[in-house]
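Residue numbers (the UniProt record's numbering), protein chains in the order written: chain A, 1 to 311; chain B, 1 to 327. Cβ atoms here follow ideal geometry from the backbone N, Cα and C, with glycine treated the same way. Read the structure below first, then the notes.
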């Protein structure tokens, strides 16, 4: 399999995924009750004004026609204008995107930096107290709802200790609580997978042989066990990207973080169809490309994928 | 001083709360430059014995007693640091399955030279030596193969690489645990020839673990026959194969597939009863159930080790015969 055909295939796959998500979002949005024109004009506005707004945003057209127009605009990367703010959707989403990326990356970094060493340590000290603590923490991390954890952290650090801001993005320390909140549900599966695959790899013949040929324990663990264990962990990290984006919507709302997640929530309440559609479109696109990047990382780690099957 | 001396080694596997005896007072010694083969079927404890030599035994193995003296150091009581010094330089190992004994993520060259680097070689020196090692185990075009990954090599070539790793630091003893079982017959012969050549060249001792008495015949000076965790018969390879004393050795000689081995010319006659089970007999002789010559005593008392000429035997019937001959 050549590298070019691999990427062509994946790009076609991404196009199909993003298109499907867009169509699904379009239908879903219009199946929730509420009229954007009515919301925008206010409840006591005269019917003519509401009608005018409908005309302006094409809300009077039959749904298939609206969908066709929407998809046609997508092809030229025209995401339309917000019903609520009357600004181009793309500009608004792009101005919010850095906040979401910052939050997601910070959370992912925390999850990886804590999860992988914790899982590895638990595996190396299997059945010790540390192992039980790590395993217990991952169970709690999986079970705890994000919004609740966020509220508890606000209560403790912002209300009780008053050492960290409860929300917003004004100061540099504002990132800490939302990033912690968002990292926990991602950290749990990473820790769990690392522990499990570490235990598997430790039982492999090549680890036995690495010890037998006179390598120091440190070399055996960091060079041979860790790298082999990272392949399944990479898969889990890739899968967690979805978790991360879903979590971002909740976390940004709880902490009033001005990211795309909160923009989506606010826009849903305002029935701002173009804004919701545009934001979801951009998020889906990013998600698909991150997955592609993760898949490409396999090749970097594993020569069997990089060089293809041999003898 | 012998190179390796195993004294009364006993061990059990812990399976849940149950203990399964796997080695029963095993005695074995290897001289410098000597090739010893342990022969036995699966469950005889031979691979467990091999794994104890490098102290890389499975987690659930409990060593209950005995000593493993390597150049006078007891490996059973040795600390991790001492063991790290013995591994690679003193004793090295070749495992059964060459496909799983190499790390799939590193080139074969790297897997040889990392062992050299960690034991005093410089970077370039290690690489040069690794290429030479690949050449000496018969890998064609070693400079190029140095950069190959394990999945790009055939099973036989991978086992050659494993042998190169095993001889890299010129160890005094190589433990080869079923080194040819995963290979096809013609490759088997080549690997055995390679092992014979290398051990002769470097005067390395070899402990060969195999279920195939034919392979043992081709690659050993002395044979140790194990069954049910006990050494049944031990002696010079040629003598044991020509004239087995223990009923189990006779059984083994008559029932094995002969393959390509030089043993083919030897036709062994032995009466046998084929029964299932691997002989974890609680008190008596482990071979009691299958033995065509068993007596009542065999079911109650484990046979003791007696020396007959060059041979060590654990068998009541053989012991009785020796006593009769003396009288």
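- In this structure, the beta-carbon distance from residue 178(B) to residue 210(B) falls below 7 Å.
- For residue 184(B), not one C-beta of chain A is nearer than 7 Å to its own C-beta.
- Beta bridge pairing from DSSP links residue 30(B) with 4(B).
- Along the segment 94-116 of chain B, going in chain order, the ones with a CB nearer than 7 Å to a CB of chain A are 95, 97, 100, 101, 102, 103, 104, 105, 114 and 115.
- Residue 212(A) has a beta carbon lying within less than 7 Å of a beta carbon in chain B.
- Per DSSP, the continuous beta strand (DSSP E) segment holding residue 70(B) begins and ends at 61-70.
- Using a Cβ-Cβ cut-off of 8 Å, residue 204(A) is close to 100 of chain B, given in chain order.
- If you check each beta-carbon in the segment 282-301 of chain A against every beta-carbon of chain B, the ones closer than 8 Å belong to 301.
- Of 204(A), 239(A), 190(A) and 213(A), the smallest CA-CA separation from residue 225(A) is found for 204(A).
- Residues of the same chain with a CB within less than 7 Å of the CB of residue 107(A), apart from the 5 flanking positions on each side, are 179, 182, 183, 186 and 244 in chain order.
- If you check each beta-carbon in the segment 132-160 of chain B against every beta-carbon of chain A, the ones closer than 7 Å belong to 149, 151, 152, 153 and 154.
- Chain B has no Cβ within less than 7 Å of the Cβ of residue 232(A).
- Straight-line measurement puts the Cα of residue 246(B) at about 10 Å from the Cα of residue 319(B).
- For residue 74(A), the uninterrupted alpha helix (DSSP H) segment begins and ends at 63-75.
- At a beta-carbon threshold of 9 Å, none of the residues of chain A lie near residue 325(B); the nearest stands roughly 45 Å away.
- Residue 13(B) sits in a strand when the DSSP states are folded into three classes.
- Look at residue 304(B) here: in three-state DSSP terms it is coil, with no helix or strand label.
- If you ignore the 5 residues before and after residue 96(A), its C-beta comes within less than 7 Å of the C-beta of 258, 259, 260 and 263, all in its own chain and listed in chain order.
- By the rule that beta-carbons nearer than 7 Å mark a contact, residue 262(A) does not touch chain B.
- Taking 7 Å as the cut-off, the Cβ atoms of residue 241(A) and residue 287(A) count as close.
- Interface with chain B (7 Å Cβ-Cβ cutoff): residue 208(A) is included.
- Neighbours of residue 227(A) in chain B, taken as residues whose beta carbon is under 9 Å from its own, are 103, 105 and 106 in chain order.
- Taking the beta carbon of residue 195(A) as reference, no residue of chain B falls within 8 Å; the closest one sits roughly 16 Å away.
- Closer than 7 Å to the CB of residue 38(B) there is not a single CB belonging to chain A.
- In terms of beta-carbon proximity, residue 215(A) lines the interface with chain B, with at least one pair separated by less than 7 Å.
- With the criterion set as a beta carbon lying under 7 Å from some beta carbon of chain A, the members of the segment 55-89 of chain B are 56, 84, 87, 88 and 89, in sequence order.
- When DSSP reads this structure, residue 205(B) sits in a beta bridge with 173(B).
- The alpha-carbon separation between residue 292(A) and residue 10(A) amounts to approximately 7 Å.
- Scanning its chain for C-beta atoms nearer than 8 Å, with the 5 sequence neighbours on each side dropped, one finds no residue around residue 132(A).
- By a beta-carbon distance limit of 8 Å, residue 218(B) contacts residue 192(B). Their separation comes to about 5 Å.
- A distance below 7 Å between beta-carbons, with the five flanking residues on each side excluded, links residue 55(B) to the following residues of its chain, in chain order: 75 and 83.
- When 7 Å is used as the limit between beta carbons, residue 118(B) is near these residues of chain A: 214, 215, 216 and 219, in chain order.
- Taking C-beta atoms as the reference points, residue 252(B) and residue 213(B) count as a pair closer than 7 Å.
- For residue 233(A), the enclosing alpha helix (DSSP H) stretches over residues 226-254.
- Between residue 11(B) and residue 61(B), the gap from beta carbon to beta carbon is short of 7 Å.
- Our two residues, residue 127(B) and residue 303(A), have alpha carbons roughly 20 Å apart in a direct line.
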